[in-house]
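Numbering (this note's numbering), first residue to last: 16 to 137.
Below: the structure, in structure tokens.
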């Protein structure tokens with residue numbers, strides 16, 4: 016089973032947009048589990064105080080309420096996600112171009128969105 020370590024941008028997109036191939040993801044790449052780092056959950060709670068992002072942040076928190084939470088903390092969330100993925104051979108779900116680049120340079124895999132579909136990038 017592949018564990019997808021999700022960052023904030025990925026989760027917000029997953030929760031608020033229509034993803035056309037979400038029902039087929041297990042068939043296409045195998046069984047997946049989306050997990051939420053505690054630092055990402057904390058960031059979502061902070062975004063609930065931002066009037067421009069409050070609705071999406073609240074919808075995301077509700078959407079991920081049954082997702083597994085993992086203890087990833089740190090001052091720089093991207094660095095912590097990348098380090099965790101290296102150690103545990105996890106895939107990182109992100110929409111952040113810079114983080115995608117860093118993951119790929121480190122030999123990791125990225126799950127992202129393209130044309131309303133989930134895609135796996137290596």
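We treat Cβ as the ideally placed atom computed from N, Cα and C, and that holds for glycine.
So what's residue i in DSSP terms, helix, strand or just coil?
{"i": "residue 27", "result": "helix"}
{"i": "residue 79", "result": "coil"}
{"i": "residue 34", "result": "coil"}
List the DSSP bridge partners of residue i.
{"i": "residue 112", "result": "Beta-bridge pairing links residue 112 to no other residue."}
{"i": "residue 17", "result": "47"}
{"i": "residue 52", "result": "85"}
{"i": "residue 128", "result": "133"}
{"i": "residue 106", "result": "19"}
CB-CB under 6 Å to residue i, same chain, minus the five flanking residues each way: which ones, in chain order?
{"i": "residue 102", "result": "none"}
Our contact map puts residue i next to residue j with C-beta atoms below 8 Å; I'd like the distance itself, whole angstroms only.
{"i": "residue 4", "j": "residue 132", "result": "One cannot answer for residue 4 here, as it falls past the ends of the chain, which runs 16 to 137."}
* To do: Determine contact between the stretch 80 to 87 and the stretch 45 to 57, defined as no fewer than three beta-carbon pairs at a distance below 8 Å.
  => yes
* Could you tell me whether the stretch 16 to 31 touches the stretch 65 to 75, where touching means 3 or more Cβ pairs closer than 8 Å? => yes
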